[in-house]
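Accompanying notes for the structure given below.
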Amino acid sequence: MTLSHAIPDNDRPAPVRAVFSAVTWKEIAYLMSNLPLAVVGFVYAVVMVSTAGGLSVTAIGIPLLACGLNLSRHLGRLDRARARGLLGVRVDEPTPIPGPKRAGGFFPWLWTSIKDPVGWRTVLYQLIRLPWGVLTFTVALTGLFVLWPVLPYLVRLMANVDRAMVRGLLSPSDDLERRIAELESDRGVVVDTAAADLRRIERDLHDGAQARLVALAMGLGLAKEKLLEDPEGAAAMVDEAHGEVKLALQELRDLARGIHPAVLTDRGLDAALSSVAARCVVPVKVAVDLPGARPAEAIEGIAYFVVSELLQNVSKHAGPGARGATVEVWRTGARLMLRVSDDGQGGASASGGSGLAGLAERLGAVDGVLVVDSPAGAGTVVTAELPWRDRG
6 MTLSHAIPDN
16 DRPAPVRAVF
26 SAVTWKEIAY
36 LMSNLPLAVV
46 GFVYAVVMVS
56 TAGGLSVTAI
66 GIPLLACGLN
76 LSRHLGRLDR
86 ARARGLLGVR
96 VDEPTPIPGP
106 KRAGGFFPWL
116 WTSIKDPVGW
126 RTVLYQLIRL
136 PWGVLTFTVA
146 LTGLFVLWPV
156 LPYLVRLMAN
166 VDRAMVRGLL
176 SPSDDLERRI
186 AELESDRGVV
196 VDTAAADLRR
206 IERDLHDGAQ
216 ARLVALAMGL
226 GLAKEKLLED
236 PEGAAAMVDE
246 AHGEVKLALQ
256 ELRDLARGIH
266 PAVLTDRGLD
276 AALSSVAARC
286 VVPVKVAVDL
296 PGARPAEAIE
306 GIAYFVVSEL
316 LQNVSKHAGP
326 GARGATVEVW
336 RTGARLMLRV
346 SDDGQGGASA
356 SGGSGLAGLA
366 ERLGAVDGVL
376 VVDSPAGAGT
386 VVTAELPWRD
396 RG
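Heads up: the sequence shown is residues 6 to 397, going by the numbering used here.
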């Protein structure tokens, strides 16, 4: 009888498995690479600070320090990339320092670079990482030969310390930096939106009222020439010109209403939204609950524009089965809430390229939010949120 038959299957020892996972090996690689990179970073930080400090009494010391701090940002970017690849640490990139041209000149750039907290924390990271790099390299290398049964636990502990150092010293300085980046993006959206609105107004004027006024001028010129020779023909042309004037005035009123209607300025959101709702192809119920208060003119105008666009979407896309829509406006703390709902065919989406995506961008530019709930066949509910600012 062989040995395999003598030992029952349930008494056989489990097969040997790999002790270290892929994550552990990545952490070991990170800890082993700490020392050579820490030496380079430490030497750079010491030489840069000492040289710039020694030359600070001259004209080149301060600019040299500013350039050194800017270069330390690039070292921090490499360390963040290494931590992202080997430790799985996701750290946002700090807001870049604007160049002298964007900063308003050499001296504003110099001052911004000297007081840059990201650059100084990167220098601190390079300085304190050398002793830590020596420790991690020694423990990881020794553990591969001597302490391998407990090495995964030691590696995880040291890697967590590295993760904390990267998050604490190489991340953006604070929420303010992230807020600045958001505001820069929002500013671009506002500029693009304003340019698009100006192009739309110019196109509407050129193709609508301006064309009618040109035709009106030509018609009146011809009527003037015929006034003595053919009074009846001249009178008919004047009558036709009178009709063109009425159409041109109506187009100008529609254009002005699309920009900022007079009823909104005079009577507020309730009357203005009721006027918009009256032009919708489905019955619309408007409920505005803003007792004794009106938001700032800019917020009120954006709210009117958002509801107008959403009601236009109801007219175009709700479908023949839609029986009605509802517009609700109310205030919650420091936020102005808007909700437009219909019982149409649904299926609306705020994905890129749609009109709802454009509305979301406009709202985002003023710290607003747009939420779309539109399951297919079950109607659409669009909720918008704007910051409330008192009319001053």
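Where is the CB? At the ideal position from N, CA and C, for every residue including glycine.
| task | Note down, in chain order, each residue of its chain lying with its Cβ closer than 8 Å to the Cβ of Ala-50, except the 5 sequence neighbours on either side. | result | Ser-77, Val-128, Gln-131 and Leu-132
| Three-state secondary structure (DSSP) of Arg-22 | Residue placement at Arg-22 cannot be trusted, given a pLDDT of 39 that sits under 50; the coordinates are not used to answer.
| query | In terms of residues, what are the limits of the beta strand (DSSP E) holding Lys-290? | reply | 289-294
| task | State the beta-bridge partners of Leu-375 as determined by DSSP. | result | Ala-389
| query | Leaving out the 5 sequence neighbours to the left and right, which residues in its chain are closer than 6 Å to Val-374 when beta-carbon positions are compared? | reply | These residues qualify, in order along the chain: Glu-390.
| So the alpha helix (DSSP H) Trp-335 belongs to, where does it begin and stop? | That residue, Trp-335, is in no alpha helix (DSSP H); its beta strand (DSSP E) goes 330-337.
| task | Identify every run of the beta strand (DSSP E) within the stretch 98-126, keeping only runs that are complete inside it and at least 3 residues long; order them along the chain. | result | none
| request: Decide yes or no for the touch test of the stretch 247-255 against the stretch 280-300: beta carbon pairs closer than 8 Å, at least 3 of them. | output: no
| request: Count the C-beta pairs between the stretch 33-44 and the stretch 153-168 that are closer than 8 Å, then say yes if the count reaches three, no if not. | output: yes
| request: Thinking Leu-274 and Ala-308 are a contact (beta carbons under 8 Å), I'd like their distance in whole angstroms, please. | output: Contact flag correct, Cβ pair sits at about 6 Å.
| Close Cβ partners of Arg-272 (< 8 Å) along its chain, the five nearest in sequence each way excluded | Result list for Arg-272: empty, nothing under 8 Å.
| query | With distances taken from CA atoms, which of Ala-370, Ala-246, Arg-367 and Phe-310 is nearest Val-345? | reply | Phe-310
| Cβ-Cβ distance between Gly-224 and Ala-246 below 8 Å | yes
| said: Suppose you measure from the CA of Val-28 to the CA of Leu-91; what does that come to, to the nearest Å? | reply: Cα atoms of Val-28 and Leu-91: separation of roughly 8 Å, rounded to the nearest angstrom.
| query | Hey, would you say Pro-105 sits closer than 8 Å to Trp-116, going by beta carbons? | reply | no
| query | Mind checking whether Gly-66 and Ala-57 have CB atoms under 8 Å apart? | reply | A contact, by the Cβ cut-off of 8 Å.
| Cβ shell of Ser-9 (< 6 Å), same chain only, five flanking positions each side left out | Note on Ser-9: pLDDT 40, under 50, position unreliable in the model; the coordinate value appears next. Nothing listed; no residue qualifies.
| request: Could you say which of Leu-368, Val-289 and Trp-393 lies nearest to Gly-338 if we only look at CA atoms? | output: Trp-393
| said: What does the Cβ neighbour count give for Thr-385, buried or exposed, with the cut at 16 atoms within 10 Å? | reply: Answer is buried; the Cβ neighbour count reaches 16.
| message | Classify Asp-395: buried if its beta carbon has 16 or more other beta carbons within 10 angstroms, exposed otherwise. | response | Counting Cβ neighbours within 10 Å, Asp-395 comes out exposed, since fewer than 16 surround it.
| said: Taking 7 Å as the limit between beta carbons, can you name the residues of its chain near Gly-382, skipping five residues before and five after? | reply: Gln-350 and Gly-351
| Excluding the five sequence neighbours on either side, which residues of its own chain have a C-beta within less than 6 Å of the C-beta of Thr-402, listed in chain order? | Because the chain spans 6 through 397 in this model, residue 402 falls outside it and cannot be assessed.
| task | Quick one: give me the first and last residue of the beta strand (DSSP E) that Val-345 is part of. | result | 340-347
| Exposed or buried, Pro-380, counting other C-beta atoms within 10 Å across all chains shown (16 or more means buried)? | exposed
| Span of the alpha helix (DSSP H), counted from its first residue to its last, around Gly-273 | No alpha helix (DSSP H) holds Gly-273; DSSP gives it neither H nor E.
| So what's Asp-395 in DSSP terms, helix, strand or just coil? | It is a strand residue.
| request: Helix, strand or coil for Pro-325, going by three-state DSSP, please let me know. | output: coil
| query | In this structure, what does DSSP give as the bridge partners for Pro-300? | reply | BP columns for Pro-300 point to Asp-395.
| If you check the beta carbons only, do Val-171 and Val-123 fall under 8 Å apart? | no
| How many Å lie between Arg-89 and Val-96 at the Cα? | 8 Å
| task | Out of Val-319, Pro-325 and Ile-304, state which residue places its alpha-carbon closest to the alpha-carbon of Ala-370. | result | Relative to the Cα of Ala-370, the nearest Cα in the group Val-319, Pro-325 and Ile-304 belongs to Ile-304.
| Exposed or buried, what is Tyr-35 when buried is set at 16 or more other beta-carbons lying within 10 Å of its beta-carbon? | buried
| task | Pick helix, strand or coil for Pro-157, following the three-state DSSP scheme. | result | helix
| In the structure shown, what three-state DSSP assignment does Arg-168 receive? | helix
| field | Inter-residue CB distance, Ala-365 and Asp-347 (contact presumed, cutoff 8 Å) | value | Contact between Ala-365 and Asp-347 is ruled out by a C-beta separation of about 19 Å, above the 8 Å threshold.
| query | Mind checking whether Glu-32 and Arg-161 have CB atoms under 8 Å apart? | reply | yes
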